[in-house]
Amino acid sequence: MDHQQGSQPSSSTKVERRIIEKNRRAHMKNLFFKLNSLLPNYNPKESLPLPDQIDRVIKHIESLETRVKAAQEKKASLLTERKRPRSVFETKGSLKSPKIEIHEIGSSVEVVLTCGFDNQFIVFSEIIRIIHEENIEVISASCSRIGDYVLHVVHAEIRPSFYQSGATEVSERLKMFVNGSVTQ
């Protein structure tokens, strides 16, 4: 009888260990399922062996780490670029300097200026100043933002007394200013 009592605790501990192990395996299976469900191309119907699932997860984590490092480097370069002093015409995009188009239609002048968002006010105010210095009256001005760039359109009217040389002179001055030839 002593022997039976001694065997009962050992069999109950075996049963307990089996239950614990069964619960542990179910828990691990659930964790692997959750982990795999986080993958971008996860298909719950596709059953892969566990080592393959783990390899996919590891590769995905490594690719995410690479993307995070690249994003951090880009952020750092943008922050240092922001702190660096810029010239009036320097912008971030492919458009390195402001672009100007001047259209003369009779006594009317239309100035179309495309510049970076960072320097739009400086360039625009200088364009208006040059137009006023040439005794040309600004009729209207409009501004539109397109991505990182700003499009300014100025409609002006040349006074009859300045009509002969006014448009040519203002065109030259505006182009020289935008091209960076004018130092003021």
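The numbering of the sequence shown is the UniProt record's numbering, which starts it at 1 and goes up by one.
By construction, the Cβ of each residue, glycine as well, lies at the ideal position given by its N, Cα and C atoms.
This one's a predicted model, so the numbers in the text were calculated from it and none came from an experiment.
Asked, Found
"Burial state of Ile130, where buried means 16 or more other Cβ atoms lie within 10 Å", "buried"
"Classification of Gln184 by the beta-carbon crowding that lies within 10 angstroms, buried from 16 upward", "The predicted model places Gln184 with a pLDDT of 42, which falls under 50 and marks its position as unreliable; any figure quoted below should be read in that light. So Gln184 ends up on the exposed side."
"C-alpha distance - Phe177 paired with His103, whole-angstrom precision", "17 Å"
"Element boundaries [beta strand (DSSP E), containing Leu113]", "108-116"
"C-alpha gap between Arg173 and Glu62, whole angstroms", "56 Å"
"Option nearest Ile136 by Cα separation, candidates Asp148, Phe32, Glu169", "Glu169"
"Helix, strand or coil at Glu134 [DSSP, three-state]", "coil"
"Contact set for Asn36: own chain, Cβ-Cβ below 6 Å, skip 5 residues either direction", "Tyr42, Gln53"
"Beta carbon of Ile100 nearer than 9 Å to that of Ile127", "yes"
"Backbone CA spacing between Val153 and Pro40 [nearest angstrom]", "47 Å"
"Inter-residue Cα distance where the pair is Lys14 and Ile20", "10 Å"
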